[in-house]
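Letter by letter, the sequence shown follows residues -28 to -1, 1 to 303 of mature numbering (1 follows the signal peptide of the UniProt record, and there is no 0). This report refers to the structure that appears directly beneath it.
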Amino acid sequence: MLRRRLLHTLKLALVAFAYATCATPANANTPSESFPNKTVRIIVPVAAGGSADKLARTLAQKLSERWHQSVVVENVSGASGTIGAGQVARAAPDGYTLLLGGEGVTLNASLFKRLPYDTRHAFRGVIKAVVSPQVLVVRPNLGVRTFGEYLALTRSKPGELALGLPGNGGIAHVAHEMLSRQLGIEVNYIPYPGGGPATLDLLGGHIDATLITLAAVTDYVRNGRLTALAVTTPYRSKALPQVPTMAEAGAPGFAVESWQGLLAPAGTSTEIVERINRDATTVLAQPATRQQLEEAGFVVVASSAQALDDTLSKDLPRYAAVIASAGIKLN
């Protein structure tokens, strides 16, 4: 009797095990299907108020609505963005900690002798969301209304004009150094932990000019609080079509375009990366979102994850060469 009961119990257990084994693949969600089931963090490695912050908060809001899950933005500034980037590099590769990055990720690989992560292997691309011009803006009472007048002023007072940098060694620094070497001008660089603080000091008259991502200052240019002289791209911005390119205004052939997007820690599964890319692409394609970003001065591109990986691979040696030839060094 006892033996029969034991055999019956064992039989039921084997049937249950077989059912569970067969049923699980058909019924269980894949990681990408269940993602996200908790709060997602987007780390912005610069101070609040700049263009990266604006983009991150737009993406966070729209992704939160799509996912029905909290997406929070955290500004972790310092050391030209390497502190925030380091947090993401060390995070679990599960898609719940993302970096709002740009070309600064690759610039820093050449600017710092030592980093708390290996740029070549620390991240994988998720999506290049936007590209944008850098724009040269000055305080209105500087007495400079055109790019030509800016060049004349810097040449008449070499090293005296105070130009704020949204990050020492960032794309603005590299771009203006390229401009300085091409046109033979010299300014006094004032580094800031991001575009927001640099803009505030320019608005307050504490510095004379800044070269910054256009989206960070579009509204200030429109309302006359700042004067835009030229953009760095080979095309004019739809947001401020009256502002000439530097190539048009006196720097033949000059062209620098910056980008911003999402990166994840290396090791994040392709399924999770593709899920985030797909949903970010969807929200960027929404007419209201696209219009909001393009009116601010961004150009929405919404690339594939692989395209961003390719950009990272190409930018590393390209910026290394520019930084070495320009002799840019961090203090």
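Cβ atoms here follow ideal geometry from the backbone N, Cα and C, with glycine treated the same way.
| Shortest alpha-carbon distance to G56 belongs to which of Y89, R127 and P65? | Y89
| Where L302 sits in the DSSP three-state scheme | coil
| Beta-bridge partners of E229, as assigned by DSSP | P105
| message | Quick check on DSSP: helix, strand or coil for N140? | response | coil
| message | Once DSSP output is grouped into helix, strand and coil, what is the label at I248? | response | helix
| message | Any beta carbon from chain B within less than 9 Å of L201's own beta carbon? | response | Given the protein chain composition of this structure (a single chain), no chain B is represented.
| request: Mind checking who R96 pairs with in its DSSP beta bridge? | output: A236
| query | Which one of S4, T30 and E5 has the shortest CA to CA distance from I14? | reply | T30
| request: If I'm right that A219 touches A227 with Cβ under 8 Å, what's the distance once you round it to whole angstroms? | output: 7 Å
| request: Please classify L198: is it buried, with 16 or more other beta-carbons within 10 angstroms of its beta-carbon, or exposed? | output: buried
| I273, DSSP secondary structure in three states | Note on residue identity: the sequence assigns Val, not Ile, to residue 273. Coil.
| task | Could you say if the segment 152 to 164 and the segment 117 to 131 meet the contact criterion of at least three C-beta pairs nearer than 8 Å? | result | yes
| In terms of DSSP beta bridges, what is T217 paired with? | V203
| query | In or out: S49 buried (at least 16 other Cβ within 10 Å) or exposed? | reply | buried
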